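Data block below; observations after.
In our numbering, the protein residues as written are 924 to 1548.
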């Protein structure tokens, strides 16, 4: 094995020899030797040693060997294993399992307790089979679920590093090599000779491994699923129910059953992952997730994803991990594709902000998680978080580049606020100058807010403005609750019209059946209207002073300032004449002026002038004093 790095200054380190147990030595072209102790096996140590060299040598470049979205150098610096994915998803027969920062979780068909995750200690891998599940943790391999063939009865293992669950069997890689247990009806657990196996995958009734010779398969071969074609430097192998796929230097290669076209690989560019399911296959390439084969449950109808890192094809469903988190699609009869975001925690830097859905702009920096203006500076360090040119300390909306001020203090920026000076309202949908909170016709412009009947809806949007039960479209008096119909079209509603069928008449003041227009005595008081000062008042016919009060009720019929009673009984003046002596002075004025209202020669002029003169002098004198 070689550690090969780009750049002239990088050295090719080659495994040289194993001097003694648990010690690995590497030699480069300069005959420089580096030795390290390991208890994890030769191949795994070499890989890890190459990673250490890659991240410690210059120039640096980013590697993600385990394809978990976390760079190898970051994982090494933070005490994580760069060879084991921190985040995993595995789609089984009718259930799904995942590995996140909280540990392992399973959902879907609960039969045989295949989703009942036992207590695990720092799980590092999880695999869902047809009816059982296995995990790798600090204690070793732990399996649960259906055990009819002994597939969950884990044998004694020596520091296992890989685990895979198939139909009714399970396999692992430990320091001794590949170990398999469970059903062996087709020889799927009968392991052939292998040399330094680095991968192990269990299918329906067959098994495959990658070792120094390439891909080796055994077990059921009814459809040729165990007959490996010629491959060029295979890097990954994946097994379905009865077909097998691998990635080599040419791309994706599949063999075995071709039911539903599951091994007919479409055009792929830069493929990084492949996963074989029941009767479908999925991969990840430069375009994202690509699936083909059976699609009766939409298992190949790929869900929208952002930078996917892992895909897993189950029996009739598919799951993937991407920047938005975990997503599943396909058959959901047991809820196997229903992902509970609340149960998932993907927060590699431990700042409390999950990288699911790109919620953490700095997923590997615990001091930052937001970058509102996308300038590469986290909000905690940025003094202008929204990049609008106004510092956060002066910006009423430091996270909104479109807003800076809030004049009315209602929490809505002036640019967005339709009523920036009204704290009670910020939205004016119909642009009538009245905010939606107060508008009695939301959506219909009515700046006057007219509301005749006083209900919740203004006239502009009310189909019964007077609330009389007759809609405006048929109501001849839409603003008068007392009227709806004008049968004779004379402009007066039937309820008020004394003659609703006679357009020439509307009133009958005396109720004699003759309309006022033709009645010569409208109040039926015996005085013709032409001579009646109050033709609509049967109690009155004369209004001497034309003040609108008939003489019968008027206490001063001539309006001369003296009551009728005083004139007739005290002064002897005419109560029906305002100037009894005809001297052009009202009787009342003459009395006030000290003159005789019955004597035309006696006028109040001198007396009135004297009073006016002395009164003005008195006022002036008081003012001067």
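Each residue gets a CB set at the ideal place from its N, CA and C atoms; glycine is no exception.
Predicted model, so just to flag it, every value in this text is computed and none were measured.
Self-check item: Option nearest residue 1062 by Cα separation, candidates 1204, 1042, 1401 and 1283
Solution: 1042
Self-check item: Residue range of the beta strand (DSSP E) that includes residue 1437
Solution: Counting along the chain, residue 1437 falls outside any beta strand (DSSP E), and DSSP gives it neither H nor E.
Quiz prompt | Close-in-space but distant-in-sequence residues of the same chain around residue 1483 (CB under 6 Å, 5 per side omitted) | solution = 1501, 1509, 1510 and 1511
Practice problem: Leaving aside the five residues before and after residue 1352 along the sequence, list all residues of the same chain whose C-beta is less than 7 Å from its C-beta, in chain order. | Solution: 1359, 1365 and 1366
Quiz item: Which same chain residues, not among the five before or five after residue 1293, have their C-beta less than 7 Å away from its C-beta?
Solution: 1284, 1301 and 1302
Quiz item: Where does residue 1052 sit, in a helix, a strand or coil, going by DSSP?
Solution: coil
Quiz prompt | residue 1275 - DSSP class collapsed to helix/strand/coil | solution = coil
Self-check item: Expected contact under 8 Å - CB spacing of residue 1213 and residue 1168 to nearest Å
Solution: Wrong, their Cβ atoms sit about 12 Å apart, outside the cutoff.
Quiz item: Looking only at C-alpha atoms, which of 999, 993, 1026 and 1021 sits nearest to residue 1243?
Solution: 1021
Practice problem: May I ask you to verify whether the segment 1188 to 1195 touches the segment 1219 to 1227, counting CB pairs closer than 8 Å and requiring at least 3? | Solution: no
Quiz item: Can you tell me whether DSSP reads residue 1028 as helix, strand or coil?
Solution: strand
Quiz prompt | residue 1504 versus residue 1418: straight-line alpha-carbon distance, rounded | solution = 53 Å
Quiz prompt | Per-residue burial, residue 991 [other beta carbons within 10 Å of its own, 16 or more giving buried] | solution = buried
Quiz item: In three-state terms, what does DSSP make of residue 952?
Solution: Because residue 952 sits at a pLDDT of 41, beneath the cut-off of 50, its placement in the model cannot be relied upon, and the point is left open.
Quiz item: Among residues of its own chain, excluding the 5 on either side of residue 1326, which ones have a beta-carbon nearer than 6 Å to its beta-carbon?
Solution: 1320, 1336 and 1338
Quiz prompt | Which residues DSSP lists as bridging residue 1292, in chain order | solution = Partner(s): none; residue 1292 has no beta bridge.
Practice problem: Take the Cβ of residue 1108 as the centre, count every other Cβ of all protein chains shown within 10 Å, and call the residue buried at 16 or more, exposed below. | Solution: exposed
Self-check item: Close Cβ partners of residue 1372 (< 7 Å) along its chain, the five nearest in sequence each way excluded
Solution: 1357, 1363 and 1381
Quiz item: Taking Cβ to Cβ, would you say residue 1134 is nearer than 9 Å to residue 1125?
Solution: no
Quiz item: To the nearest angstrom, how far is it from the Cα of residue 1092 to the Cα of residue 1116?
Solution: 19 Å
Quiz item: Which residues share a DSSP beta bridge with residue 1248?
Solution: 1245
Practice problem: Determine the closest residue to residue 1026 out of 1032, 1051 and 1058, with distance taken between C-alpha atoms. | Solution: 1058
Quiz item: What three-state label does DSSP hand residue 999 in the structure shown?
Solution: helix
Self-check item: Cβ contact check for the segment 1075 to 1093 and the segment 1269 to 1276: 3 or more pairs under 8 Å
Solution: no
Quiz item: If you draw a straight line from the alpha carbon of residue 1195 to that of residue 986, how long is it in whole angstroms?
Solution: 13 Å
Quiz item: What do you get for residue 1138, buried or exposed, if any count of 16 or more other CB atoms within 10 angstroms of its CB means buried?
Solution: buried
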